[in-house]
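So the structure is just underneath, and the comments pick up after that.
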Amino acid sequence: MSALIETQDLTRHYPSGEGVVAALEGLDLEIGPGEFVAAMGPSGSGKSTFLNLIGCLDQPTRGRYRLAGEDVAALPPDRVAALRGEQIGFVFQSFNLLPRSDALANVEMPMLYRGLPRRIRRERAAIALERVGLGQRMHHTPSQLSGGQQQRVAIARALVNGPGLLLADEPTGALDSRTGLEIMALFQALNRAGVAILCVTHDADVAAFASRTLRFRDGKMIEDSRYQPVDAEAMLRQKFQ
Amino acid sequence: MAEALLAALGALAANKLRAALTALGIFIGVAAVIVTVAVGAGARQQVLAQIQSLGANLLVVWGANVRLGGVSMGAGQRPNLSWDDAQEIPRQIAAVQVAAGTSRQQQQVVAGNQNWSTTVVATDPDYFVAHDWTTQEGRFFTNEEAMSGRKLVLLGATVVENLFGDEDPVGREIRIRSTPFEVIGVLGRKGQNPMGQDQDDVVIMPFWTARRSVMGAPRAFARAVGTISVKVHEGESMSDVEEELRQFFRQRHRVAANEPDTVSIRNLSEIAATRDASARTLSLLLAAVAAVSLLVGGIGVMNIMLVSVTERTREIGLRLAVGARRRDILRQFLLEAVLLALLGGAVGVIVGIGLAHTLAGVAGWPVLIQWDAVALAVTVSALTGLFFGYYPARRAARLDPITALRHE
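Chains as they are written, first to last, in the working numbering: chain C, 19 to 259; chain P, 9 to 416.
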C-alpha cells in the first residue's frame, strides 16, 4: 500500500530580522494510511510548522510533499482548498466552533464548500455527531456544551467529509484529564476504523496513545519511534471506575 | 445562493444595532434621493401644467409702460394697441398662427339674485386658440357672431359656481351693466396661473359686443385693445417671432431708431420655466446632499465590514482550513456588505415614499413618486455595498489561514 503522506527534504524557512529561521529543515518522512502518529517537541521545535505544511495551510520553502499521491506544490489553489476540505480534518486546541451556530450547523459547515445539498448535509452531519456520541445534543450551541462536548463537535466536523487524515493540534490541551482521555479513546476508535491521525502534542502521556512518535528539535526530526500504544479505553475504565 | 443569503442575514442579525446604525447612512441617502426626486418631479409637473394652462407657444403684447400686474392705464396714457394690429400680425409674420386683441375690465355680473365681480375679457374667437381654452359645456362663439355684435358670453368655472351653483348655465341669461347676455358655454378649468391668479374667474365675450354694451370708449379709442395674444406655430422660434413683433410695432408706430419700444412682449411660459429652473436647482442641491449621504453611508459599511473581518478572523481561518476557497470567503463578506446596504436602501425607499406623501399631505407640495428613481436608488445602494464592501472582503479572503487560526 502506498504512503498517505510522503515528504522529501521538506523545508520551511521564515524571514526573521536580518536572516532566516529554519522552522523545519530537510524532513524525509512517510506515514501510511491508518497510522496514529504523535509529533512531539518543545515550542519552536518545528512541530507546528510540520503540521501546517501537512495540512496544506502553508507552502514549503523547499522539498516535496505528496498527500494521497498528489504533489501539493503543483496543485492550483482551488484544488488545494478542495484537498483540505476532503482529505484532511482539522481539530484544534481551542475547538474553533462558530459560537452562534448549533452543533449540527457547525458540523455541516465544511460540506457547504463542496456544494452538497442541504438534505444530504444534514443527514451526514447527524451521522457524524452520532459517531462522536453527541446524537442527543445536535441543536445545542457551543455555549450550551462542555469543553469535551465542544471538542467532540469539532471532531465530528473534521470527520464529516470522510477524510483519510485527521490533524489534531494539542486536542486535549484545553480539557481536564478525564475528558482528554475520552477524546483520546475516541481518536483510537476512529483510528481502528481506518482514519490516519497526526496529533501534535507536548504531552508524553498523550503521545503514548499513538503507535508512532516523531520528536522534533530546532526544526529537525530527531527521533522516529514505533511502539505498542496504551489503550485509552482501558485506562479510562481503570482510572475512573 | 439562498443559503449564503441566509448565512449573511444571520451574521447581520448577530449585531442588530450595529447593522442598523450602519445601514442608517445608506437609508438617509436613499430616502433623500426619493423625496428629492418626488418633490422635483411634482414641482415640474405643476409648472408644466401651468405652462399648458397659459397656452403653449404664446407671446403677449402689452402697450409699453403697462406693467404685467397693472390693470389701469395711467391718465394721459394713450392706448397704443388696436384691434387692427391683431388682424395684421398673422398677415405680416408667417410664423404666427393666430393673434387676438383683448380688452379686460372688472365688472359686476348678475344672474337672477346672484351677483359676482369678475374680469370680463372682450376678444376674438382666436383668443380661445391662443390660450388653449376648452369648453366643458356649450360652445365658443364664431367669427360671424363676434363681428355682428351678438350678446353671447362664455363663463369660467369660478363664475359659474358663484352665479349658478350646480345648475347648468348654458342657455341662461346674465346681466352686465343691465345688458342681458346669453350664456353659450362654460370654459374648461385651468386653475391658478404662476402669479397665483385664478384663471377661471373670467367672462369672455366678443370684442365688438363689449365695445357697444359694456366697455364704452371715446370714439378715438374705439378700436383700442389692452393686449394682443399671439400664438406661434409649433416648432417656430419664439425669440425670432418676438423680435419680428418688436420690429412690426416699431414700424407701425413709426418709432425713431433711437427711441425705446412702444410695446413690451412677454413670453409667459418663460416665466413659468424660470420657476421650473429654480426648482431644478433645489433638486440638484438636495441630490448632492443625497450623494454625500450615500458616500458617508458607504464608508460606514466599509468601516463596519473591516471591524467584522477583524472580529471573525478565526472563523475565516477555520473556513479556509475546512476547504473554503478564497472566493468563497470574498463572496461571503461581499454578500454581507451588499445586504447591509440593501437593507438600508429598502428602509430608505419605504421612509422616502412615506415622507414624500407626508409632504404632499401636510405641506401641500406637489409630489410625484418617480419609480425609476426608486429603482435607481436601490441599485445605487447595492452598488455602494459592493464597492465599499469589496476592500474588506478582499482583505478577509487574503488572510493567511495559519495566522487567522491563531488570532486572538
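Each residue gets a CB set at the ideal place from its N, CA and C atoms; glycine is no exception. Just so it is clear, the structure is predicted and the values come from calculations on it, not from any experiment.
Next item on the list: Compare the C-beta of G353 of chain P against all C-beta atoms of chain C and say whether one is closer than 9 Å.
Entry: no
Margin query: So, for V355 of chain P: in the same chain, excluding its five sequence neighbours on each side, which residues have a beta-carbon less than 6 Å away from its beta-carbon?
Written below: F35
Notebook entry, point to check: Taking the alpha-carbon positions, what's the V222 of chain P to A298 of chain P distance?
Noted result: 58 Å
Checklist line | Whole alpha helix (DSSP H) elements within the region 10-35 of chain P, 4-residue minimum | finding: 10-21
Next item on the list: Note down the Cα distance separating L20 of chain P from R118 of chain C, rounded to an integer number of angstroms.
Entry: 12 Å
Margin query: I'd like the span of the beta strand (DSSP E) that includes K239 of chain P, first residue to last.
Written below: 235-240
Check: In the structure shown, what three-state DSSP assignment does M58 of chain C receive?
Finding: strand
Next item on the list: Mind listing, in chain order, the continuous alpha helix (DSSP H) runs of no fewer than 4 residues lying wholly within the region 109-171 of chain P?
Entry: 134-138, 151-155
Notebook entry, point to check: So with Cβ pairs under 9 Å, would you call E104 of chain C a contact of chain P?
Noted result: yes
Item checked: Ranges of the beta strand (DSSP E) found wholly within the region 157-206 of chain C, counting only runs of at least 3 -> 183-187
Check: Under 9 Å Cβ-Cβ, which residues of chain C neighbour E11 of chain P?
Finding: L130, R136
Next item on the list: Note down, in chain order, every chain P residue with its Cβ under 9 Å from the Cβ of L147 of chain C.
Entry: In chain order: nothing, as chain P lies at least about 16 Å away.
Note to self: Quick check on DSSP: helix, strand or coil for M81 of chain P?
What the structure shows: Residue placement at M81 of chain P is flagged as unreliable, the pLDDT there being 45, under the threshold of 50; a coordinate-derived value is accordingly withheld.
Check: Which runs of the beta strand (DSSP E) spanning at least 3 residues fall entirely within the region 289-359 of chain P, listed in chain order?
Finding: none
Margin query: Output needed in chain order: residues of the region 323-344 of chain P with a Cβ under 9 Å from some Cβ in chain C.
Written below: E323, G325, L326, R327, L328, A329, V330, G331, A332, R333, R334, R335, D336
Check: Grouping DSSP H, G and I as helix and E and B as strand, with all else coil, what is V90 of chain C?
Finding: helix
Check: Can you tell me whether DSSP reads K257 of chain C as helix, strand or coil?
Finding: helix
Note to self: Any beta carbon of chain P sitting closer than 9 Å to that of M58 of chain C?
What the structure shows: no
Margin query: Short of 7 Å in beta carbon distance, which residues of its chain neighbour A143 of chain C, apart from the five on each side in sequence? Order them along the chain.
Written below: L122, V125, E126, V178
Check: What whole-angstrom Cβ distance do I184 of chain P and Q115 of chain P have, given they're in contact under 8 Å?
Finding: 5 Å
Notebook entry, point to check: Thinking just about the alpha-carbon of each residue, which of C:A228, C:N209, C:K65, C:A214 is nearest to the one in Q246 of chain C?
Noted result: C:A228
Check: Can you pull the DSSP bridge partners for Q378 of chain P?
Finding: Per DSSP, none; premise fails for Q378 of chain P.
Next item on the list: Leaving aside the five residues before and after D208 of chain P along the sequence, list all residues of the same chain whose C-beta is less than 8 Å from its C-beta, in chain order.
Entry: G164, A165, T166, V167, L195, R197, K198, G199
Notebook entry, point to check: Could you give the distance in angstroms between the alpha-carbon of C217 of chain C and the alpha-carbon of G393 of chain P?
Noted result: 43 Å
Notebook entry, point to check: Looking at C-alpha atoms only, which residue of C:Q167, C:G237, C:R230, C:L184 is the closest neighbour of A211 of chain C?
Noted result: C:L184
Check: If you measure beta-carbon to beta-carbon, which residues of the region 70-94 of chain C are closer than 8 Å to chain P?
Finding: N70, G73, L75, D76
Note to self: Between L413 of chain P and chain D, is the shortest Cβ-Cβ distance under 9 Å, so that the two count as touching?
What the structure shows: The question asks about chain D, but that chain is absent: this structure's protein chains are C and P.
Notebook entry, point to check: Using a C-beta to C-beta distance shorter than 8 Å, which residues of chain C count as neighbours of A51 of chain P?
Noted result: The contacting residues do not exist; A51 of chain P stays about 49 Å from chain C at best.
Check: So, helix, strand or coil for S66 of chain C, using DSSP?
Finding: helix
Next item on the list: Compute the Euclidean distance between the alpha carbons of N275 of chain P and F215 of chain P, then round it to the nearest angstrom.
Entry: 23 Å
Notebook entry, point to check: DSSP beta-bridge partners for Y83 of chain C?
Noted result: C:T25
Notebook entry, point to check: Taking the alpha-carbon positions, what's the E145 of chain P to G173 of chain P distance?
Noted result: 15 Å
Note to self: Taking the beta carbon of L29 of chain P as the centre, do at least 16 other beta carbons fall within 10 Å, making it buried, or is it exposed?
What the structure shows: exposed
Note to self: On the CB-based measure, 16 or more other CB atoms within 10 Å of its CB, does A285 of chain P come out buried or exposed?
What the structure shows: exposed
Next item on the list: Pick helix, strand or coil for N275 of chain P, following the three-state DSSP scheme.
Entry: strand
Notebook entry, point to check: Using the rule of at least 16 other Cβ atoms within 10 Å of the residue's Cβ for burial, across every protein chain shown, is V370 of chain P buried or exposed?
Noted result: exposed
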